[in-house]
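Okay, structure first, notes after.
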Amino acid sequence: MNRMFAFHGVDGKTGTTMVAQSVAETIAAADKEIKVMMVSLNGRSGTEYVDRVGESIEGLKMYLDNKVLSKKVLEQSCKYTENLFLLAGVESLGQSRHYFPETAIYFLNRIEEEFDVIIADTGNDLDNGLAVGALERIPERFCILTQQESMLKRYESIESLYRKLGIDFSCYVVNKYSDEDPYSLGYISERLKIPQKQLKKIQAVSYGRQAEMDYRTLLFYKDKIYNQDILEIANVILLKCNMNTIQEQRKKKWIPFI
Ligand SMILES: Nc1ncnc2c1ncn2[C@@H]1O[C@H](COP(=O)(O)OP(=O)(O)OP(=O)(O)O)[C@@H](O)[C@H]1O
Ligand SMILES: [Mg+2]
């Protein structure tokens, strides 16, 4: 059974980190029994929306290179809440080229049995070793895009590269979505030849920059539509993991954010 999911952006600033972390937080908050790991496997630290930074892939490099990463080191250094574990990526500028796909593959193999749900933020750069390794190792991939013409163009121009690398996506997420935008889901589906049922949206909310300043995900601002859209993605993941979806658990009590 698969329990690993990669979130990959068509380009920068599409909201890949925000969506991946919001989904991880939603799953972890819904059921404390589910151990969730959110890891940044790309050339950035991916810590824009956390108020404290714990361990990073860079900090664990010695363990990863020597293949001696223990459960104890991992759990102690990544614990963020009771059942949510966060691992940052590569923090120092210019260092990401020292990481190769094998490192991401070793890391994911090592943690696969330790967590119930693993969410990897693979950024948007296919030139990055960690991202390529993670995309190769994780078959369930979510592609993050927006309604902008530049994003659709970018997808069209790199689609053949995705195909060459054997990367296909099980779900496409149109983030920062607005009903008023002329690029409707129907149009995007038709233009990019993506079946409608593989296409999801996440509402644009007005707290994007606020979230950066507060070091929190957008869940914190309790926008009903945003939180519901994130919940739907979380449920897609829970279903693929053979776990109860959040609507069912909600009848008991669902805490919408951490
Ligand atoms: N649904 C949304 N509505 C409004 N703002 C959003 C939404 N999703 C993300 N944002 C905002 O968009 C900006 C970029 O988000 P994020 O850092 O997640 O993008 P990214 O694709 O990971 O970027 P990078 O290329 O730096 O890795 C942030 O200001 C974030 O708050
Ligand atoms: Mg990011």
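The numbering used here puts the last residue of the sequence shown at 319; the count rises by one with no breaks. Heads up, the beta-carbon is just placed ideally off N, CA and C, and yes, glycines get one too.
With hydrogens ignored, establish whether the beta-carbon of residue i is closer than 7 Å to any heavy atom of ligand 2.
| i | result |
| --- | --- |
| R198 | no |
| R270 | no |
| R105 | yes |
| D72 | no |
| T78 | yes |
| D240 | no |
| D188 | no |
| D182 | yes |
Figure out for me which residue from the options has the closest Cα to the Cα of residue i.
| i | options | result |
| --- | --- | --- |
| Y287 | Y268, S211, F161 | Y268 |
| M123 | T164, H69, M98 | T164 |
| Y244 | I263, T207, S231 | T207 |
| R202 | S218, N185, E217 | N185 |
| G115 | S131, A149, V129, E109 | A149 |
| Y216 | L145, K254, D240 | K254 |
| V97 | K74, F68, F176 | F176 |
| C204 | F230, Y223, L222, S157 | F230 |
| R277 | Y160, V84, D112, E173 | D112 |
| L226 | M274, L145, R198, L125 | R198 |
| Q401 | V151, L121, K128 | Since the first residue shown for the chain is 62 and the last is 319, residue 401 is missing from the structure and cannot be characterised. |
| V193 | G104, M274, K262 | G104 |
| L299 | F68, T77, A85, V80 | A85 |
| E119 | A91, E152, L130, I95 | E152 |
| N305 | S83, H69, A91, L145 | A91 |
Grouping DSSP H, G and I as helix and E and B as strand, with all else coil, what is residue i?
| i | result |
| --- | --- |
| A296 | Reading off the sequence shown, one finds Asn at residue 296, where the question assumed Ala. DSSP places N296 in helix when its eight states are reduced to three. |
| Q310 | Residue placement at Q310 cannot be trusted, given a pLDDT of 49 that sits under 50; what the coordinates show is reported in the next sentence. In this structure, Q310 counts as helix in the three-state DSSP scheme. |
| A265 | coil |
| L154 | coil |
| L253 | helix |
| L147 | strand |
| V80 | helix |
| M123 | helix |
| K343 | Outside the shown range of the chain, which is 62 to 319, sits residue 343, and nothing can be said about it. |
| I179 | strand |
What residues are listed by DSSP as bridge partners for residue i?
| i | result |
| --- | --- |
| D186 | D186 is not bridged to any residue. |
| L206 | V235 |
| G70 | I205 |
| K140 | F146 |
| S106 | Bridge partners of S106: none, in fact. |
| S117 | A149 |
For residue i, report the span of its beta strand (DSSP E) as first-last.
| i | result |
| --- | --- |
| S101 | 97-101 |
Is residue i near ligand 3, with its Cβ less than 7 Å from a heavy atom?
| i | result |
| --- | --- |
| N185 | Ligands in the displayed structure: ligand 1 and ligand 2; ligand 3 is not one of them. |
Just checking residue i against ligand 1 - is the residue's beta carbon closer than 7 Å to any of the ligand's heavy atoms?
| i | result |
| --- | --- |
| L154 | no |
| K301 | no |
Name the two residues that bound the continuous alpha helix (DSSP H) containing residue i.
| i | result |
| --- | --- |
| K93 | Unbroken run through K93: none, as it is neither H nor E. |
| P162 | 162-172 |
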